[in-house]
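Quick notes on the structure that follows.
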Amino acid sequence: MIVPLAHVLILAAILFGLGLVCTLVWRSNVIMLLIGIEIMLNAAMLVFVGGSNHWGMADGQVFALIIMAMTSAEVSLALALVVYLHRRKNTVDVDEFRELQD
Amino acid sequence: MKAYLELIILLPLLGAIINALLGGRLLSRRASEWLACAVIWGSFAATLAAAIVYRAPATVEIVSWLSDFDFKASLTLYLDPLSLSLCLMITFVCGLIHLYAVGYMKDDPSSVRFFALLNLFVAAMLMLVLAENLPLLYLGWEGVGFCSYALIGFWHTKPANATAGRKAFIVTRIGDTGLGIAVVWMFELFGTESIPHLNQMGHLLPAGIVTALGLLMLLAAMGKSAQVPLMVWLPDAMAGPTPVSAQIHAATMVTAGVYLLMRMFPLIGVSPTVTAAIAITGALTAFYGATCALVQRDLKRILAYSTISQIGYMMLGVGAGAITAATFHLLVHAFFKALLFLGAGCVITALHHEQDIFRMGGLRRTLPGIFWPFLAGALCLAGVPLTGGFFSKDGILGAVWLKGGALYGGLYVVGLVTAFITAVYTARMVLVVFCGDGIHPLPPGGGGLGRGGLKQLPRIMEWPLIPLAILGLCGGLLNLPEYMGNGLLHLFLLSLGSHEQTLPHSTEILLQGVAAAVAAAGILTAWFRYGGKRRQESLAKEQKPAGGIAAFLLEGWRVDALYDLLLVRPYTRLSTFLWQQLDEGCIDDSLDRMASLFGRCGQWLGGRGQGRVSLSLLGMAAGAALMVFWMVWGMP
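In order, the protein sequences belong to chains A and B. According to our numbering, the first sequence is numbered sequentially starting from 1. According to our numbering, the second sequence is numbered sequentially starting from 1001.
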C-alpha cells in the first residue's frame, strides 16, 4: 500500500500542531512540555521518512535514525533536569521557574 | 603436529584468561597457582611432543585472520629448528620460574594478577617465536612489551616501580616503531608478510633498501634486547618481583630482539652494512654492560648489567653471521641467567629484602643450597672452561675471529676484553656475597644481619635451581666444538640454510685456550682484590661513596642523565609551555572570555523580560510562524 506524500505531510502537520499547542498551553507540568517537544520531533521525523519513501532515497531514513538517537539522549538529559528542578522547588509548574528575570 | 602447535600457545593463554577472569573469586589461591604452573608444563609437554614428531619445517594455519585483497596474515605458526629449540627453552625455563614464583609470591595479596600476567607473558613470547608472518610476530612482540610493563610495575603502589614500568614501555616503544615501519614497508615491497617467503627474497632488492630494512630491525632489536643506545630501561626493570626479572632476562623479553634478527637473517644478512652495524652494536653493548656491572652494589643490578652484556655477545654473534653460535649462547644464557636470578632472589628473600652486596657475606656456609647452584651459574657466566657458557661464548668469539678483517678483528679484541671484565665482576659478586665471615662493619644507620637472622626459604624456591645448574654446566654438550665430536645444535640448525664456515681445529683450540686464560686471569684479579685478607680492606674502600670513574660506571656511564638532559627536560619544558601558555593562557582564556560575554548578554536580555518560560516559548513559536508565513507567501 502506498501512502501519498500529501497524506504523510498532513499527518505530520497535525502532529506538529498538537505538539506545539501542548508545549505552549500545558504550563502546569514540565514533563508535558517535554512530551510536546517529542511529538514535534516525531512529526519532523515522519516528514523525513515520507520524503525518503517518495523519492526513493535512503538519506531521510538515516536522518530519522539520527534524530532517534539524539532524542533519546536529549530526553535522558531533560528528565534529569526535571528531577533536579523538582528537588529545588518541589514543583514542576513551568511558570514557577522565572529566575531568568533577575 | 597441528594439535601440538596449537596447544603450545593456547595453554598459557588459557591459563592467563582463566586466572584473570575467575582467579580470586571462584578459584582458590592454591588452585590458581597450580593452574598457572600446570599450563606452562603442559605447554612444555606439547613442545616435547612436537619435537619428537618433528621431521621437517612445518607451517600450520590455525585460523584465518586479517585478510583483505592481497594482504593476508592469518594465525599461522611456523616450526623450524630455530623456533623449536627456543620454544623448548622458553617453556622449560618459564615452567621452573613459575614454580619458583609460587614460593616467592607466597605472601603477596595479588598473586592472581601476577600469575595471569606471567602466563600471558609466556603466551606472547611463544606467539612471537612461532609466528609465521610478521604481523603475528608483531602481536607477540607488543604482547611481551605490555606484559613486561605490567610486571615490572607490578608493585605499582610505590611510584618508583610504576615509573620503571613506564620507562621500560616507552623506551622499547622507540624500537617498536622501527619494527612497525619495517613490517609495513616489507609488505609494500614484496606483497607478502610470510617470514619464510620474505627470507628468500633478500637478493631481489637493491642493497640500499635491504640495508634500510635491516637497520630498522636493528632499531627494534635495540629496544627490545636493551642494546646501546636503548639499554636504559633494563637496569630499572629490577623494580619488578625477582621471578619477573628472571623471566625477562632469561627466557622471554630481551631475547626477542636477538630472535628477530636471527629469524630475518637470510634477508637482512645480505647487506654487509647491516651485519657490521649489528656486530658493532653488540660488541659495544657487551663492553658497556660489563664495565657497568663491575662497580654495582645492588645484586640484581649486577645481574641486569651482565644480561645487557651477554645479549651484546649474542648480537655480536648474529653480526658475524654465526646464527648457530648466537642461538647456542641464547639457550645456555637462558639457563644460567635464570639460575643466577632465581638464586639472587633466594639470597635477597633470605636476607629480608637486602639487595646491597656489601651487607652480605659468608652465605656460603649459611645458605649452601643456594651457594652451589649459584656458583655453577657464575662459572658459566664467567666462561670457565668446560661449562656451557665457555663453549657458547667461545663459539661467538671464534666466529668473529673467522670473519677476519680490521673491523671484526677489533671486535674480537673488544669481545675478549669484555670476557675478562665479565670474569672479574662475576668473581667479585660471588666472593663478596658468599665468602668472607659474614658480618661486616656496616655504614652508620644500617642494621647488621646476624647469621641466625636468615629467613627460612620454602623448598619450592630452592629446587628449581638444580636442573638449571645442571643444564648450565652441561649445556656445552648441546654444541661441542668440532674436534670433540660434532655439535648437535649445529647439525639441527643446518637446515636453516645458513652456510657457516668452521674454524680449523688447531685455531679453535688456540682461541679456546686464549679465552680460558682470559677467564682465569679475570677470576684471579677478583680473587686478589676480594679474596682472603685483602677483602676487608677492599670492601671498606668501596663502601665509601664512589668518585671519578667508579661513579661514572655506577650510574651506567651517566646515560640516564644524558637522556634526561637531551630528551626529557626539553620535552617537559615544551609540554609545560604548551600547557600553561598555549592551552591555559590562550585557548582556555579566550573561551572563558567568550562564555562570560555571552553570559552577560543573557543577563542583560533576561532582565528585560518576564522570565516566564511559557511566555518565551510562545514568543519563539510566534516568531517561527511569522518566518514560515514570510517564506511561503511573503517571498518575492
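Just so it is clear, CB atoms sit at the ideal spot from N, CA and C, and this is done for glycine as well.
CB contact below 8 Å: residue i versus chain B
{"i": "residue 98(A)", "result": "yes"}
{"i": "residue 88(A)", "result": "no"}
{"i": "residue 23(A)", "result": "yes"}
{"i": "residue 94(A)", "result": "yes"}
{"i": "residue 13(A)", "result": "no"}
{"i": "residue 20(A)", "result": "yes"}
Of the listed residues the options, nearest to residue i (C-alpha basis)
{"i": "residue 1144(B)", "options": "1550(B), 1256(B), 1563(B)", "result": "1256(B)"}
{"i": "residue 1130(B)", "options": "1330(B), 1041(B), 1040(B), 1195(B)", "result": "1195(B)"}
{"i": "residue 996(B)", "options": "1385(B), 1432(B), 1608(B), 1633(B)", "result": "Residue coverage of chain B in this structure runs from 1001 to 1636, which leaves residue 996(B) outside it and unanswerable."}
{"i": "residue 89(A)", "options": "57(A), 30(A), 22(A)", "result": "30(A)"}
{"i": "residue 1030(B)", "options": "1079(B), 1108(B), 1066(B), 1276(B)", "result": "1108(B)"}
{"i": "residue 1508(B)", "options": "1554(B), 1399(B), 1568(B)", "result": "1399(B)"}
{"i": "residue 36(A)", "options": "1614(B), 1259(B), 1627(B)", "result": "1614(B)"}
{"i": "residue 1354(B)", "options": "1530(B), 1297(B), 1122(B)", "result": "1297(B)"}
{"i": "residue 1431(B)", "options": "1595(B), 1110(B), 1522(B), 1411(B)", "result": "1522(B)"}
{"i": "residue 1053(B)", "options": "1184(B), 1351(B), 1005(B), 1033(B)", "result": "1005(B)"}
{"i": "residue 1259(B)", "options": "1211(B), 1272(B), 1323(B)", "result": "1323(B)"}
{"i": "residue 1036(B)", "options": "1505(B), 1454(B), 1112(B)", "result": "1112(B)"}
{"i": "residue 1212(B)", "options": "1459(B), 1227(B), 1269(B), 1163(B)", "result": "1269(B)"}
Start-to-end residues for the beta strand (DSSP E) that takes in residue i
{"i": "residue 1060(B)", "result": "1058–1063"}
{"i": "residue 1078(B)", "result": "1075–1079"}
Residue range of the alpha helix (DSSP H) that includes residue i
{"i": "residue 1576(B)", "result": "1569–1577"}
{"i": "residue 1430(B)", "result": "1405–1434"}
{"i": "residue 1262(B)", "result": "1255–1263"}
{"i": "residue 1201(B)", "result": "Neither: residue 1201(B) is in no alpha helix (DSSP H) and is coded neither H nor E."}
{"i": "residue 1586(B)", "result": "Where residue 1586(B) is concerned, there is no enclosing alpha helix (DSSP H), given that its DSSP letter is neither H nor E."}
{"i": "residue 74(A)", "result": "59–89"}
{"i": "residue 1227(B)", "result": "It is not in any alpha helix (DSSP H) - residue 1227(B) carries neither H nor E in the DSSP assignment."}
{"i": "residue 1273(B)", "result": "1272–1293"}
{"i": "residue 23(A)", "result": "5–25"}
{"i": "residue 1353(B)", "result": "No alpha helix (DSSP H) holds residue 1353(B); DSSP gives it neither H nor E."}
{"i": "residue 1385(B)", "result": "First-last for residue 1385(B): undefined, no H or E at that position."}
{"i": "residue 1012(B)", "result": "1002–1022"}
{"i": "residue 1176(B)", "result": "1159–1190"}
{"i": "residue 33(A)", "result": "30–55"}
{"i": "residue 1244(B)", "result": "1242–1246"}
{"i": "residue 1115(B)", "result": "1111–1130"}
{"i": "residue 1315(B)", "result": "1299–1319"}
Residue i and residue j closer than 8 Å at C-beta
{"i": "residue 1148(B)", "j": "residue 1248(B)", "result": "yes"}
{"i": "residue 1104(B)", "j": "residue 1242(B)", "result": "yes"}
{"i": "residue 1421(B)", "j": "residue 1313(B)", "result": "no"}
{"i": "residue 1348(B)", "j": "residue 1299(B)", "result": "yes"}
{"i": "residue 1244(B)", "j": "residue 1151(B)", "result": "yes"}
{"i": "residue 1418(B)", "j": "residue 1287(B)", "result": "yes"}
{"i": "residue 94(A)", "j": "residue 82(A)", "result": "no"}
{"i": "residue 11(A)", "j": "residue 41(A)", "result": "no"}
{"i": "residue 1175(B)", "j": "residue 1127(B)", "result": "no"}
{"i": "residue 1189(B)", "j": "residue 1132(B)", "result": "no"}
{"i": "residue 1198(B)", "j": "residue 1138(B)", "result": "no"}
{"i": "residue 1251(B)", "j": "residue 1334(B)", "result": "yes"}
{"i": "residue 1327(B)", "j": "residue 1489(B)", "result": "yes"}
Any chain A beta carbon closer than 8 Å to residue i
{"i": "residue 1595(B)", "result": "no"}
{"i": "residue 1173(B)", "result": "no"}
{"i": "residue 1621(B)", "result": "yes"}
{"i": "residue 1600(B)", "result": "no"}
{"i": "residue 1632(B)", "result": "no"}
{"i": "residue 1617(B)", "result": "yes"}
{"i": "residue 1613(B)", "result": "yes"}
{"i": "residue 1195(B)", "result": "no"}
{"i": "residue 1447(B)", "result": "Summary for residue 1447(B): the model assigns pLDDT 45, below 50, so the residue's position carries little reliability, and this model does not support an answer."}
Residue i Cβ short of 7 Å to the ligand ATP heavy atom set
{"i": "residue 1265(B)", "result": "In the structure on display, the ligand ATP does not appear, and there are no ligands present to speak of."}
Next item on the list: Would you be able to state if there are at least three C-beta pairs under 8 Å between the stretch 1257–1265 of chain B and the stretch 1216–1234 of chain B?
Entry: Three or more pairs of CB atoms, one per stretch, sit closer than 8 Å, so the stretch 1216–1234 of chain B contacts the stretch 1257–1265 of chain B.
Margin query: So, does the stretch 1229–1248 of chain B touch the stretch 1158–1168 of chain B, judging by three or more C-beta pairs under 8 Å?
Written below: The stretch 1229–1248 of chain B, when compared against the stretch 1158–1168 of chain B, does touch it at the 8 Å Cβ threshold.
Check: So does the stretch 1573–1585 of chain B actually touch the stretch 1313–1320 of chain B, counting three or more Cβ pairs closer than 8 Å?
Finding: Judged by Cβ distances under 8 Å, the stretch 1573–1585 of chain B makes no contact with the stretch 1313–1320 of chain B, as fewer than three pairs qualify.
Check: Are three or more beta carbon pairs between the stretch 1370–1377 of chain B and the stretch 1333–1343 of chain B nearer than 8 Å?
Finding: Cβ pair count under 8 Å is three or more, so yes.
Check: With a cut-off of 8 Å, do at least 3 Cβ pairs link the stretch 1076–1087 of chain B to the stretch 1042–1057 of chain B?
Finding: Inter-segment contact for the stretch 1076–1087 of chain B and the stretch 1042–1057 of chain B is present: three or more beta-carbon pairs are separated by less than 8 Å.
Notebook entry, point to check: Does the stretch 1014–1021 of chain B come within contact of the stretch 1113–1122 of chain B, defined as at least 3 CB pairs closer than 8 Å?
Noted result: Per the Cβ contact rule, the stretch 1014–1021 of chain B is in contact with the stretch 1113–1122 of chain B (3 or more Cβ pairs under 8 Å).
Notebook entry, point to check: Okay, do the stretch 1054–1066 of chain B and the stretch 1301–1308 of chain B touch, 3+ Cβ pairs below 8 Å being the bar?
Noted result: Touching, no.
Next item on the list: Could you tell me whether the stretch 1095–1104 of chain B touches the stretch 1454–1469 of chain B, using the rule of 3 or more Cβ pairs below 8 Å?
Entry: These segments touch.
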